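Heads up: the structure comes next, in structure tokens.
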Ligand code: 3PG
């Protein structure tokens, strides 16, 4: 079996070493395509491989067509909106993710960005503290839970909205569940986004929703850029000079945000949430193990596409 790591944003070396150990111990071969800049490089690299480990790398029909020997794609991470699931199914390819493996890293970055924003991006002017402030966690999955755990240590008053998570599970963590996104945004000084990018969530964080936030509201996005209605948010932030937006996923309208919301807006140049040695090791090795278990035992525990 030939396994390809195709990562436009590479894993830490220590993670690649760990993945290699798992793959070679199973008697398979590992090949690497890191920091590629052209899709053609990916199309060439997938030609003869049986498995691929990716991150936010795009696996679409063209890639699947080129990968004639492919049986499985594992997205080392949580969100799999970068993989065309229907096409994978049509090509007889199994798609998996590695849920939970990088969620602490993303949650920690959310706080890094939060603190940076409430301290006025370290410009020397007096800011505010997070202790005692109301934090709204929008979607209570693996990242949301880690955000809640950290927020407790800081002493925040924590709320969460998740249409799919039972309220009892949220309450059990000492977090107050609310009934709607509107209620969350209306009540919380800071909202941290942890929703996946799906047809339903696309552009769902819009003018009307964010406008419900109290004065000096802060929106933190370590989820996906697609969930933001950029036009609506831009318009709102121009109207409401009190609002701040920090994001780990550069918006399409980054330059407009930077120019029109100077001092209240920040984007990382490249998504950094899961970019820690620990998260790379956890997600990368989990991906390698899932590939081995799939080939050796037919294990499809983390499969996310239909058969
Ligand atoms: C995820 O969905 O796991 C995160 O967004 C991390 O993505 P990355 O592997 O591209 O950093």
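In our numbering, the protein residues as written are 602 to 908. Note that the Cβ used here is the ideal one computed from N, Cα and C, for glycine as well. For clarity, every value in this text was computed on a predicted model and none was experimentally measured.
* Distance, Cα to Cα, residue 658 vs residue 643? -> Counting from 1 along the chain shown, the entry for residue 658 is found at position 57. Counting from 1 along the chain shown, the entry for residue 643 is found at position 42. For residue 658 and residue 643, the distance between alpha carbons rounds to 9 angstroms.
* Cβ of residue 699 within 8 angstroms of Cβ of residue 884? -> Here residue 699 refers to the residue found at position 98 of the chain shown. Here residue 884 refers to the residue found at position 283 of the chain shown. In this structure, residue 699 sits near residue 884, with a CB-CB distance shorter than 8 angstroms.
* **Uninterrupted alpha helix (DSSP H) stretches inside the region 871-901 (no shorter than 4 residues)** => As far as the region 871-901 is concerned, its whole alpha helix (DSSP H) runs of at least 4 residues are 878-898.
* Beta-bridge pairing of residue 820 - partner residues as DSSP gives them -> As a working note, residue 820 is residue 219 in the chain shown. 792, 846.
* Looking at the structure shown, is residue 716 part of a helix, part of a strand, or coil, going by DSSP? -> If you number the chain shown from 1, residue 716 lands on position 115. In this structure, DSSP gives residue 716 a helical state, which the three-state scheme calls helix.
* Taking residue 906 as the reference, give the member of 744, 785, 676 with the closest Cα. => In the chain shown, the residue the question calls residue 906 occupies position 305. Per the Cα distances, 676.
* To do: Give the C-beta separation of residue 889 and residue 654 to the nearest angstrom, bearing in mind that I take them to be a contact with Cβ-Cβ under 8 angstroms.
  => Here the question's residue 889 lines up with position 288 in the chain shown. Here the question's residue 654 lines up with position 53 in the chain shown. Contact flag correct, Cβ pair sits at about 7 angstroms.
* Cβ of residue 891 within 7 angstroms of any heavy atom in the ligand 3PG? -> For the purposes of this step, residue 891 is identified with residue 290 of the chain shown, where counting begins at 1. Taking 7 angstroms as the cut-off, one finds no heavy atom of the ligand 3PG near enough to the beta carbon of residue 891.
* Specify, as a first and last residue, the run of the beta strand (DSSP E) that residue 675 falls within. => Indexing the chain shown from 1 puts residue 675 at position 74. Boundaries of the beta strand (DSSP E) harbouring residue 675: 673-676, taken from the DSSP string.
* Asked: When the distance is taken between beta carbons, is residue 760 closer than 8 angstroms to residue 737?
  -> By one-based count along the chain shown, residue 737 stands at place 136. By one-based count along the chain shown, residue 760 stands at place 159. Contact flag set, yes.
* Asked: Quick one: complete alpha helix (DSSP H) runs, 4+ long, within the region 731-777?
  -> Complete alpha helix (DSSP H) runs here, min 4: 743-755, 768-773.
* **For residue 632, three-class secondary structure by DSSP** => Position 31 of the chain shown, counted from the first residue, corresponds to residue 632. The answer is strand: DSSP assigns residue 632 an E or B state.
* Can you grab the Cα-Cα spacing for the pair residue 841 / residue 716, in whole Å? => Numbered from 1 along the chain shown, position 240 holds the residue referred to as residue 841. Numbered from 1 along the chain shown, position 115 holds the residue referred to as residue 716. So the two alpha carbons sit approximately 21 angstroms from each other.
* To do: To the nearest angstrom, report how far apart residue 625 and residue 633 are at their CA atoms.
  => To locate residue 625, count along the chain shown from 1; it is residue 24. To locate residue 633, count along the chain shown from 1; it is residue 32. For residue 625 and residue 633, the distance between alpha carbons rounds to 14 angstroms.
* Asked: On the three-state DSSP scale, how would you describe residue 707?
  -> Here residue 707 refers to the residue found at position 106 when the chain shown is read from its first residue. Three-state DSSP puts residue 707 in a helix.
* To do: From the DSSP output, read off the bridge partner residues of residue 862.
  => Against the chain shown, residue 862 aligns to sequence position 261. Residue pairing by DSSP places residue 862 in no beta bridge whatsoever.
* To which residues of the same chain is residue 812 closer than 6 angstroms at the C-beta, ignoring the five residues directly before and after it? -> Residue 812 sits at position 211 when you count from the first residue of the chain shown. Counting only Cβ-Cβ distances below 6 angstroms, and skipping sequence neighbours, we find 837.
* **Contact belief for residue 702 with residue 878 at Cβ below 8 angstroms, rounded distance in angstroms** => Residue mapping note: residue 702 aligns to position 101 of the chain shown, counting from 1. Residue mapping note: residue 878 aligns to position 277 of the chain shown, counting from 1. The distance from the Cβ of residue 702 to that of residue 878 is about 13 angstroms, inconsistent with a contact at the 8 angstroms cut-off.
* Buried or exposed: residue 875, going by 16 or more other Cβ atoms within 10 Å of its Cβ? -> Position 274 of the chain shown, counted from the start, is the residue given in the question as residue 875. It is buried - the Cβ of residue 875 has at least 16 other Cβ atoms within 10 Å.
* Asked: Can the beta-carbon of residue 749 be found closer than 8 angstroms to that of residue 719?
  -> For the purposes of this step, residue 749 is taken as residue 148 along the chain shown, with counting starting at 1. For the purposes of this step, residue 719 is taken as residue 118 along the chain shown, with counting starting at 1. No. Outside cutoff.
* Can residue 876 be considered in contact with the ligand 3PG, in the sense that its beta carbon sits closer than 7 angstroms to one or more heavy atoms? -> Within the chain shown, the letter at position 275 stands for residue 876. The beta carbon of residue 876 sits closer than 7 angstroms to at least one heavy atom of the ligand 3PG.
* Asked: Over what stretch of residues does the beta strand (DSSP E) that includes residue 603 continue unbroken?
  -> Start at 1 with the first residue of the chain shown, and residue 603 comes out as number 2. It spans 603-608 - the beta strand (DSSP E) in which residue 603 sits, taken as one unbroken run.
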